[in-house]
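Chemist: What the sequence shown shows, in this note's numbering, is residues 5 to 397, in sequence order. We put the CB at the ideal spot given by N, CA and C, even for glycine. Just so you know, these numbers come straight off a predicted model, no measurement behind them. Once you've had a glance at the structure underneath, I'll fire off some questions.
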Amino acid sequence: MSRFTLPRDIYYGKGSIDELKNLKGKKAIVVVGGGSMKRFGFLDKVVNNLHEAGIETMLFEGVEPDPSVETVMKGAKAMQEFQPDWIVSIGGGSPIDAAKAMWAFYEYPDTKFEDLITPFGFPTLRQKAKFLAIPSTSGTATEVTAFSVITDYHKGIKYPLADFNITPDVAIVDPDLAETMPPKLTAHTGMDALTHAIEAYVSTLNSPFTDPLALKAISMVFEYLPDSYNGNMAAREQMHYAQCLAGMAFSNALLGIVHSMAHKTGAAYSTGHIPHGCANAIYLPYVIQYNAKDATAKKRYAAIAKSVGLAGNTDDELVAALCAKIDDYNVKLNIPKTLKDFGINEAEFLEKLPEVAANAVGDACTGSNPRSITPAQMEQLLKATYYGTKVDF
Numbered sequence: 005m006s007r008f009t010l011p012r013d014i015y016y017g018k019g020s021i022d023e024l025k026n027l028k029g030k031k032a033i034v035v036v037g038g039g040s041m042k043r044f045g046f047l048d049k050v051v052n053n054l055h056e057a058g059i060e061t062m063l064f065e066g067v068e069p070d071p072s073v074e075t076v077m078k079g080a081k082a083m084q085e086f087q088p089d090w091i092v093s094i095g096g097g098s099p100i101d102a103a104k105a106m107w108a109f110y111e112y113p114d115t116k117f118e119d120l121i122t123p124f125g126f127p128t129l130r131q132k133a134k135f136l137a138i139p140s141t142s143g144t145a146t147e148v149t150a151f152s153v154i155t156d157y158h159k160g161i162k163y164p165l166a167d168f169n170i171t172p173d174v175a176i177v178d179p180d181l182a183e184t185m186p187p188k189l190t191a192h193t194g195m196d197a198l199t200h201a202i203e204a205y206v207s208t209l210n211s212p213f214t215d216p217l218a219l220k221a222i223s224m225v226f227e228y229l230p231d232s233y234n235g236n237m238a239a240r241e242q243m244h245y246a247q248c249l250a251g252m253a254f255s256n257a258l259l260g261i262v263h264s265m266a267h268k269t270g271a272a273y274s275t276g277h278i279p280h281g282c283a284n285a286i287y288l289p290y291v292i293q294y295n296a297k298d299a300t301a302k303k304r305y306a307a308i309a310k311s312v313g314l315a316g317n318t319d320d321e322l323v324a325a326l327c328a329k330i331d332d333y334n335v336k337l338n339i340p341k342t343l344k345d346f347g348i349n350e351a352e353f354l355e356k357l358p359e360v361a362a363n364a365v366g367d368a369c370t371g372s373n374p375r376s377i378t379p380a381q382m383e384q385l386l387k388a389t390y391y392g393t394k395v396d397f
């Protein structure tokens with residue numbers, strides 16, 4: 005038996021943030037990031053709308069990019085003291101991911117972070133609160149997914165937490181918020197969305213429910229991302245919806261080793277933190293080459309290529325065309341082709357390679373990748389992404 009889970013309600017369209025006026029509840033804690041939502045006036049809109057709904061509100065501000073275990077625990081403590089019946093999070097993936105993890109510790113204060121690392125091992129939530137998410141970026145789709153990514157900076161590892169329990173109850177996908185993204189963030193989040201959709205389509209857990217969502221998201225990203233990057237707000241709106249479709253797909257089909265690699269390299273190097281979407285964009289063409297050695301995966305990559313109108317007489321030619329298109333988009337979006345181009349120090353990369361490779365293989369996303377991988381093969385693959393060499397193994 006398989007399962008397909010989405011939020012109960014998704015409100016979308018310009019101005020849909022005002023749906024908060026109709027929320028039913030007594031107390032809400034609003035979890036937000038570093039200040040952009042306050043600067044652009046959206047945090048005030050959330051608070052004012054909640055007050056109009058008659059809901060007492062508390063703010064938890066300052067969630068950092070790639071939120072830490074420490075921030076999660078601090079937020080959970082604030083929730084335990086305030087006792088909200090709604091958790092509302094607004095912003096990029098970081099505050100929403102952090103709020104999801106806080107939710108578990110709010111309802112189960114004796115839980116340890118280590119208890120949540122096991123995929124689909126969360127305790128039953130909604131004993132104290134429901135969850136509403138309002139994304140401001142067009143990539144993570146955490147507003148509709150069963151995932152949260154939290155970083156243990158002491159270990160230098162990002163942990164993807166996975167459980168249908170943390171799928172939000174309500175998502176508000178208002179494109180007005182996405183208009184605030186700078187170009188670089190637009191590029192990185194857009195390629196993150198593309199990676200979500202492609203990995204969901206070739207995942208071993210793909211299904212008739214997830215495939216249409218993934219293919220539509222891929223088509224929309226290829227159509228709208230360059231214009232969105234260049235400031236076209238009509239295209240920016242469509243990207244906000246595309247990333248949400250991709251999220252619905254991968255939340256149920258899961259992901260693959262592009263994300264395994266991104267999770268385990270993002271915070272690993274002292275010479276430069278790699279933004280998640282940027283890492284995905286770099287790794288995606290190399291992983292496609294690796295996975296396409298599997299016959300089933302090759303056919304599905306070829307199907308993606310056909311669906312977006314790429315030319316090729318064979319599956320191999322179609323896969324090559326898909327990789328070339330992704331490479332071309334990375335160029336258009338000013339994303340480096342390799343880790344070396346990104347600026348990761350070679351000596352540090354090679355020194356940490358065995359550990360990073362082993363951690364990537366052990367990542368929760370590896371299990372649904374269409375082709376199995378060993379630590380030795382992962383080392384080869386990471387080397388290819390560092391030096392820009394062809395993946396022929």
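Going by DSSP, what residue range makes up the beta strand (DSSP E) through proline 230?
Modeler: Proline 230 -> not in any beta strand (DSSP E); alpha helix (DSSP H) instead, spanning 215-233.
Chemist: Specify, as a first and last residue, the run of the alpha helix (DSSP H) that alanine 362 falls within.
Modeler: Start and end: 350-365.
Chemist: Measure from the alpha carbon of histidine 158 to the alpha carbon of each residue in Phe151, Thr370, Asn256, Pro71, then state which is nearest.
Modeler: Out of Phe151, Thr370, Asn256, Pro71, Pro71 has the C-alpha closest to the C-alpha of histidine 158.
Chemist: Touching or not, the segment 239-252 and the segment 185-198, by the rule of three or more beta carbon pairs under 8 Å?
Modeler: Touching, yes, given that three or more Cβ pairs across the two stretches are closer than 8 Å.
Chemist: Measuring straight from C-alpha to C-alpha, what distance separates alanine 301 and asparagine 210?
Modeler: Straight-line Cα distance between these residues: approximately 11 Å.
Chemist: Helix, strand or coil for serine 93 per DSSP?
Modeler: Three-state DSSP puts serine 93 in a strand.
Chemist: Can you give me the C-alpha to C-alpha distance between phenylalanine 226 and glutamate 65, rounded to a whole angstrom?
Modeler: If I take the Cα positions, the gap works out to 35 Å.
Chemist: Isoleucine 308 to leucine 219, Cα distance in whole Å?
Modeler: So the two alpha carbons sit approximately 7 Å from each other.
Chemist: Roughly how many whole angstroms lie between the Cα atoms of valine 36 and proline 230?
Modeler: C-alpha separation (whole angstroms): 28 Å.
Chemist: Relative to the C-alpha of glutamate 118, which residue among Ala266, Arg130, Ala105 is closest?
Modeler: Among Ala266, Arg130, Ala105, the Cα nearest to that of glutamate 118 is on Ala105.
Chemist: So, is alanine 299 buried or exposed, given that buried needs 16 or more other C-beta atoms within 10 angstroms?
Modeler: Exposed.
Chemist: Touching or not, the segment 75-82 and the segment 99-115, by the rule of three or more beta carbon pairs under 8 Å?
Modeler: Yes: at least three Cβ pairs fall under 8 Å.
Chemist: For leucine 136, which of helix, strand or coil comes out of DSSP?
Modeler: Strand.
Chemist: Give me the Cβ distance between tyrosine 163 and aspartate 156, rounded to the nearest whole Å; I'm assuming they're in contact under 8 Å.
Modeler: Their Cβ separation, rounded to whole angstroms, is 6 Å, which keeps tyrosine 163 and aspartate 156 in contact under 8 Å.
Chemist: By how many angstroms is the C-alpha of glycine 313 removed from the C-alpha of alanine 271?
Modeler: Going by the C-alpha atoms only, they are around 37 Å apart.
Chemist: Helix, strand or coil: which one does DSSP assign to alanine 102?
Modeler: Alanine 102 falls in the helix class under three-state DSSP.
Chemist: Flag this pair as yes or no: are the beta carbons of alanine 306 and proline 123 separated by less than 7 Å?
Modeler: Result no, Cβ atoms of alanine 306 and proline 123 do not sit closer than 7 Å.
Chemist: Quick one: what's valine 35 bridged to in DSSP?
Modeler: Answer by DSSP bridge pairing, in chain order: Phe64, Ser93.
Chemist: DSSP puts alanine 166 in a beta bridge; with which residues?
Modeler: For alanine 166, which the question treats as bridged, DSSP gives the partners Phe151.
Chemist: Helix or strand or just coil, what does DSSP make of tyrosine 205?
Modeler: Helix, per DSSP.
Chemist: Which one of Lys310, Cys327, Tyr294 has the shortest CA to CA distance from isoleucine 377?
Modeler: Per the Cα distances, Tyr294.
Chemist: Starting from the C-beta of alanine 2, find all residues in its chain whose C-beta is less than 6 Å away, skip the five residues before and the five after it, and write them out in chain order.
Modeler: In this structure the chain extends from 5 to 397, so residue 2 is not present and cannot be described.
Chemist: Do serine 264 and alanine 364 have their CB atoms nearer than 7 Å?
Modeler: Taking 7 Å as the Cβ cut-off, serine 264 and alanine 364 qualify as a contacting pair.
Chemist: Under the DSSP definition of a beta bridge, which residues are partnered with aspartate 156?
Modeler: Bridge partners of aspartate 156: Ile161.
Chemist: Let me know if glutamate 241 comes out buried or exposed under the rule of 16 or more other beta-carbons within 10 Å of its beta-carbon.
Modeler: Buried is the call here.
Chemist: Can you give, in chain order, each stretch of the alpha helix (DSSP H) that sits fully within the segment 364-394 and has at least 4 residues?
Modeler: Taking only runs of at least 4 residues, the alpha helix (DSSP H) segments lying wholly in the segment 364-394 are 379-391.
Chemist: Bridge partners for tyrosine 16 per DSSP, in chain order?
Modeler: Partner(s): Val177.
Chemist: Mind checking glycine 235: buried by the 16 CB within 10 Å criterion, or exposed?
Modeler: Glycine 235 is exposed by the Cβ-count criterion.
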